[in-house]
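Written out below as structure tokens is the structure these notes cover.
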Amino acid sequence: MPATVYQRLCLKKESFSRKDLRRIANWINSIYVKKFTAELPKVEQQEGNRIFMVYLYPDEMIPIMDNIIDKFYRQKEFIAKKHSNYLKSLKNKDEKKLEKKKNFDKNINDKQIKKNISKKDYDNKKNKIEQVKSNKIEIPTVTTLRKRKTPPQIIDTKGYN
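In our numbering, the protein residues as written are -11 to 149.
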């Protein structure tokens, strides 16, 4: 007995979208066109409250139709699982950023507490810094004189005396 895509899909799935039905029907039709040269008959079929003109596929296409429907939904489930894993990874990244921000805020608070050290500690640190500065040795630098590409402008000094 010949079958339509809608009939086969109803046997396999309880609920599906019109978009899924259309994609599966296009996929099945493209395979039929590649495999067979005969023209397919169209029949009227009621789908829910509406009536559509659909292709009536021969019996030899039924196993192929079932395989295509199964493969379509396996791919759809795989993509959904992959997407949910991606969303979980984004959530984990956001949590890590939030944790990092909390640690950063904690470090800022620690720095503010350290700023409130006593005057004596501050003076001791200042003396240590001054001692370190006095031990530095200045290294002479060499300057080279090079010719300017453009001569310096002459400055009028009459108004400055």
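Just so you know, even glycine gets a beta-carbon here, dropped at the ideal spot from N, CA and C.
Each of 25, 6, -1 was checked against the Cα of residue 38, and the nearest Cα belongs to 6. Residue 24 carries a coil assignment under DSSP once its states are collapsed to helix, strand and coil.
Per DSSP, the unbroken beta strand (DSSP E) holding residue 43 starts and ends at 38 to 43. A distance below 8 Å separates the beta carbons of residue -7 and residue 13. In the same chain as residue 11, and ignoring 5 residues on each side of it, no C-beta atom comes closer than 6 Å to its own. The Cβ-Cβ distance between residue 47 and residue -10 falls below 8 Å. Nearest in C-alpha terms to residue 22, of all of 79, 52, 34, is 52. Scanning its chain for C-beta atoms nearer than 7 Å, with the 5 sequence neighbours on each side dropped, one finds around residue 49 the residues 20, in chain order.
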